[in-house]
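Heads up: the sequence shown runs through residues 7 to 338, numbered per the numbering used here.
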Amino acid sequence: MKSEAALQETLFHLIRNKLPAHVSFVHELSELLNISYDSAYRRIRGEKELNLEELKRLSEHFNISLDTLFNVSSRNILFNAFAVDKEDYTLEDWMKNILEEMRDIQTCKQKEILWSAKDIPPFHFFGFPELAAFKSYFWNKVLFNTPGFEKMPFRFDLADGFEDTGRQILSIYNKIPSSEIWNMETFISLIRQIEFCHVCHYFTGKEDALKVLDALERLVDHLDQQAGAGFRYLYGDKPEGIEGSYRLYYNEVLLGDNTIFVIKDGHPKTFLTYNVINLLVTEHEKLCSQIENSMRTVIKKSTLISSTSEKERNRFFQSLFGKIREIKSQIS
């Protein structure tokens, strides 16, 4: 267990890393604790200890987990949850929290995202309104059993309420150096969802299903172009970015689990996915270290199909196009 002085120093270090460069740390401390600048400086210098109420207020405001702060070494790990709920936490709330997380990562000088993808990372859908609408419909109707969706057929306007938020998330994600680990199953799960909705007559007609598949075809083509360039950019924009900032890996043996690992100026953070999109978030150092080591080991055993390995990349994406043509033929 850390001493009070070391704990206070750690807390202030974590808060400084979360604050934008233009924001005064002393001012933030003074405002949040309702104390004078002089009192804030005395706490920063370690001349006065934080009391429990001050510690609680700061850790809650800056979303700093106590397991990270106290460096707890037990098997108990604390998580924050981003869990969609029918009443208290909607899909729109989930997206707003994701946008806040992405903005926080964006402010860091050193940043990296590792994504073990069991399903296509949902951020990619935000550049294609038809796919964003389909995923919103599928999640609400099939996964969350949202009231009002029981007898509702699929509509293309279902993403209108969060289209802007989604594009903001995607725009930021495109600029963050990242590695995605895919398996063929990563793509097949979406094909199965579209097929399921067609068989269950959730689409008003086969034309809507084919329109969603057309959008999926455009997404796959865009992913192919981004992988070839080695960087991401919004669909329809001029291809610009830092080569090598997007690394796409293919692993034909190991199936991902939608775990997301983030490094922010040397500080790790892990997002564990459950129930498809719900997230458990922790900065527990030991767990994060285990997650990172495991994901980098999988990367070493995977094939890099972005920037280089044109033959492997073409083979992978042609197989995806083949799956789309196959389901289109069945529906037509």
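Idealized CB from N, CA, C, for every residue including glycine. Treat the numbers as computed from the prediction; the structure is a model and nothing was measured.
query, result
"What did DSSP end up calling Glu298 once you bin it into helix, strand or coil?", "helix"
"Which residue wins for smallest C-alpha separation from Leu120, given the options Phe277, Glu332, Leu285?", "Phe277"
"Could you tell me the alpha carbon to alpha carbon distance between Met101 and Asp94, rounded to whole angstroms?", "14 Å"
"Leaving out the 5 sequence neighbours to the left and right, which residues in its chain are closer than 6 Å to Arg229 when beta-carbon positions are compared?", "Correcting the residue identity first, residue 229 is Leu in this sequence and not Arg. Answer for Leu229: no residue qualifies."
"Kindly indicate which residue of Leu17, Phe322, Val282 has the alpha-carbon position closest to the one of Asn189.", "Phe322"
"Check whether the stretch 259-266 and the stretch 122-129 touch, using three or more Cβ-Cβ pairs below 8 Å as the test.", "yes"
"Identify every run of the beta strand (DSSP E) within the stretch 76-146, keeping only runs that are complete inside it and at least 3 residues long; order them along the chain.", "86-88, 117-122"
"Hey, could you find the ends of the alpha helix (DSSP H) Val226 is sitting in?", "212-235"
"If you follow the alpha helix (DSSP H) that His67 is in, where does it begin and where does it stop?", "58-67"
"So Ile283 and Pro128 are supposed to be a Cβ contact under 8 Å. How far apart are they, rounded?", "7 Å"
"So what does Val205 bridge to, in DSSP terms?", "In DSSP, Val205 forms no bridge with anything."
"How many whole angstroms separate the CB atoms of Glu107 and Ile269, which I take to be in contact at a CB cut-off of 8 Å?", "Not quite, the Cβ-Cβ distance comes to about 13 Å (not below 8 Å), so this is no contact."
"Would you mind stating whether Ile311 and Ile197 have Cβ atoms separated by less than 7 Å?", "no"
"Among the residues of its own chain, which have a CB less than 6 Å from the CB of Gln112, if the five just before and after it don't count?", "Ile178"
"Considering only their Cβ atoms, is the gap separating Thr16 from Leu105 smaller than 7 Å?", "no"
"Helix, strand or coil for Asn23? Go by DSSP, reduced to three states.", "helix"
"Smallest Cα separation from Ala382: which of His19, Thr210, Tyr255, Tyr43?", "Summary: the structure shown does not reach residue 382, with the chain confined to residues 7 through 338, and so no result is reported for it."
"Just tell me which of Val226, Leu164, Asp166 has its CA closest to the CA of Thr192.", "Val226"
"Roughly how many whole angstroms lie between the Cα atoms of Asn180 and His130?", "9 Å"
"Do the CB positions of Leu35 and Ala46 come within less than 7 Å of each other?", "yes"
"Checking 7 Å against the spacing of the C-beta atoms, do Ala87 and Gly52 come in under that value?", "no"
"Which of helix, strand or coil does DSSP assign to Arg48?", "helix"
"Quick one: using the 10 Å Cβ neighbour count with 16 as the cut-off for buried, is Met301 buried or exposed?", "buried"
"Alpha carbons only, please: which of Gly167, Asp166, Phe168, Tyr143 is nearest the one belonging to Thr156?", "Strictly speaking, residue 156 in this sequence is Glu, with Thr absent from that position. That would be Tyr143, whose Cα lies nearest to the Cα of Glu156."
"Would you mind sorting Thr288 into buried or exposed? The rule is 16 or more other CB atoms within 10 Å of its CB.", "buried"
"To the nearest angstrom, how far is the alpha carbon of Phe209 from that of Ser195?", "18 Å"
"Can you tell me which residues form a DSSP beta bridge with Leu285?", "Phe88, Thr279"
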